[in-house]
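K.L.:
Before we start, here is the structure in question, set down as structure tokens.
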Amino acid sequence: MLKSWIGSRACIIARSLPRFASTQPARPQTRRLEVERKFLATPVAISYLRSNEGSRFQKHESLGRQTTHDTYYDRDGLLFSRGVYVRRRNGHWEAKVRTGGDYLNSAFTEVDGVGAVKEVIKQNLADAAVARESWMLDGRFKVDIDTTDFGHTVGEVELTATLGDNDSEAGQEDEEKLKEKMDQDITAFMQSHPQAFPAGRPLGKLSAYFDKLSREK
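Next comes the structure, spelled out in structure tokens:
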């Protein structure tokens, strides 16, 4: 069956490591599997999410609003072209890597922590302020509506899971199965609430940013 939502993405997220070098053994790095789907954040969909009137959500919890300042970094498009996203959000370094092969996993280690980021990343590629409104629905689906300072709005449904340290072939196979199951759960959830998640072709924030730049040239 053809899925109505374009833009499914699975990422492994690495939180930044301590800022200074230490003689102590390195602590295990926090790794999370994040599976997300973007959707068209229409005025009707946003109103539906805010009001929760007549919806069939089993649980509806508003997580409030926040504004972040995101700066994305790259070196001549090398990382973005391989699905690697390195950003500084409100001063905190993060690396997001699209899963799908050993090469991407190795690229992830190259941007592991503040020091490595400074060595590898030389180019400030995109800079934007983002106003985010969030909800936790049915106790597990995080829904975000992002509005950028250049006027683009997009929605996102996200599931996360904590990963273990098993890098064996069996561990990677289990990770792939988990990723597939999480994506299926998101799809079923969105299809159950078409008023909140209208079908269409959403445009991500970075894609919208680059489109804006190309129009201004």
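For the sequence shown, my numbering assigns the number 807 to the initial residue and increments by one for each residue that follows. No residue lacks a Cβ here, since even glycine has one placed at the ideal position from N, Cα and C.
Tell me the rounded alpha-carbon separation between T874 and K983.
P.N.:
Translated into the one-based positions of the sequence shown, residue 874 becomes position 68. Translated into the one-based positions of the sequence shown, residue 983 becomes position 177. Distance between the alpha carbons of T874 and K983 is about 33 Å.
K.L.:
List the endpoints of the continuous beta strand (DSSP E) containing S868.
P.N.:
On the sequence shown, residue 868 is found 62 positions in, with the first residue counted as 1. Taken as a continuous stretch (DSSP letters only), the beta strand (DSSP E) holding S868 covers H866 to D880.
K.L.:
L869: buried (16+ other C-beta within 10 angstroms of its C-beta) or exposed?
P.N.:
Reading the sequence shown from its first residue, position 63 is the one you call residue 869. Answer is exposed; the Cβ neighbour count stays below 16.
K.L.:
M988: which of A967, H999, Q997 and D880 sits nearest, CA to CA?
P.N.:
Counting from 1 along the sequence shown, the entry for residue 988 is found at position 182. Closest option to M988, Cα to Cα, is A967.
K.L.:
Might you give, ordered along the chain, the residues of its own chain that have their beta carbon closer than 6 Å to the beta carbon of G1006, omitting 5 neighbours on each side?
P.N.:
One-based indexing of the sequence shown puts residue 1006 at position 200. So the qualifying residues of the chain are L846.
K.L.:
Roughly how many angstroms separate the alpha carbons of F863 and V850, rounded to a whole number?
P.N.:
Mapped onto the sequence shown, residue 863 falls at position 57. Mapped onto the sequence shown, residue 850 falls at position 44. Using only the alpha carbons, I get a separation of about 16 Å.
K.L.:
Evaluate contact between the segment 998-1018 and the segment 952-966, counting only Cβ atoms and requiring at least three cross-stretch pairs below 8 Å.
P.N.:
As far as the Cβ criterion goes, the segment 998-1018 touches the segment 952-966, which means the pair count is three or higher.
K.L.:
Does D882 pass the burial test, meaning 16 or more other C-beta atoms within 10 Å, or should it be called exposed?
P.N.:
Against the sequence shown, residue 882 aligns to sequence position 76. With fewer than 16 other Cβ atoms within 10 Å, it is exposed.
K.L.:
In angstroms, rounded to a whole number, what distance separates the CA positions of P1004 and T848?
P.N.:
Your numbering for residue 1004 matches position 198 in the sequence shown. Your numbering for residue 848 matches position 42 in the sequence shown. Computed Cα separation, rounded: 8 Å.
K.L.:
Quick one: grab the DSSP three-state call for A932.
P.N.:
Taking the sequence shown and counting its residues from 1, one reaches residue 932 at position 126. Three-state DSSP puts A932 in a strand.
K.L.:
What number of angstroms, rounded off, separates the C-alpha of S857 from the C-alpha of S998?
P.N.:
Here residue 857 is taken as the residue at index 51 of the sequence shown, counted from 1. Here residue 998 is taken as the residue at index 192 of the sequence shown, counted from 1. Cα-Cα distance, rounded: 17 Å.
K.L.:
Less than 6 Å between C-beta atoms, sequence neighbours within five positions excluded: which residues of the same chain meet that for A937?
P.N.:
Working through the sequence shown from its first residue, we reach residue 937 at position 131. Cβ within range, chain order: T873 and T953.
K.L.:
With C-beta atoms as the reference, is Y878 less than 8 Å away from V892?
P.N.:
As a working note, residue 878 is residue 72 in the sequence shown. As a working note, residue 892 is residue 86 in the sequence shown. Going by C-beta atoms, Y878 is nearer than 8 Å to V892.
K.L.:
What are the boundary residues of the alpha helix (DSSP H) that includes K1011?
P.N.:
As a first step, residue 1011 is located in the sequence shown; it is residue number 205 there, counting from the start. Its alpha helix (DSSP H) spans residues K1011 to E1022.
K.L.:
Quick one: using the 10 Å Cβ neighbour count with 16 as the cut-off for buried, is P1000 buried or exposed?
P.N.:
If you number the sequence shown from 1, residue 1000 lands on position 194. Flag for P1000 reads exposed.
K.L.:
Which residue from I992, R843, A935 and F886 puts its Cα closest to that of G897?
P.N.:
Numbered from its first residue, the sequence shown carries residue 897 at position 91. The shortest Cα separation from G897 among I992, R843, A935 and F886 belongs to A935.
K.L.:
Name the two residues that bound the continuous alpha helix (DSSP H) containing L855.
P.N.:
As a first step, residue 855 must be located in the sequence shown, where it is residue number 49. From DSSP, the alpha helix (DSSP H) with L855 extends over P849 to S857.
K.L.:
Assign D955 to one of three DSSP states: helix, strand, or coil.
P.N.:
Numbered from 1 along the sequence shown, position 149 holds the residue referred to as residue 955. The answer is coil: DSSP assigns D955 none of H, G, I, E or B.
K.L.:
Less than 6 Å between C-beta atoms, sequence neighbours within five positions excluded: which residues of the same chain meet that for Y854?
P.N.:
Numbered from its first residue, the sequence shown carries residue 854 at position 48. Only Q1001 and A1002 meet the Cβ criterion.
K.L.:
Going by C-alpha to C-alpha distance, which of R1021, V903, E979 and D933 sits closest to V841?
P.N.:
Taking the first residue of the sequence shown as 1, we reach residue 841 at position 35. Considering only alpha carbons, the answer is V903.
K.L.:
Please classify F845: does DSSP put it in a helix, a strand, or coil?
P.N.:
The residue given as residue 845 occupies position 39 in the sequence shown. It is a strand residue.
K.L.:
Is the CB-CB distance between I992 and R843 below 8 Å?
P.N.:
Translated into positions along the sequence shown, residue 992 becomes position 186. Translated into positions along the sequence shown, residue 843 becomes position 37. Yes, Cβ-Cβ distance for I992 and R843 is below 8 Å.
K.L.:
Of the residues V963, R946 and D880, which one's Cα is nearest the Cα of R888?
P.N.:
For the purposes of this step, residue 888 is identified with residue 82 of the sequence shown, where counting begins at 1. The option with the nearest alpha carbon to R888 is D880.
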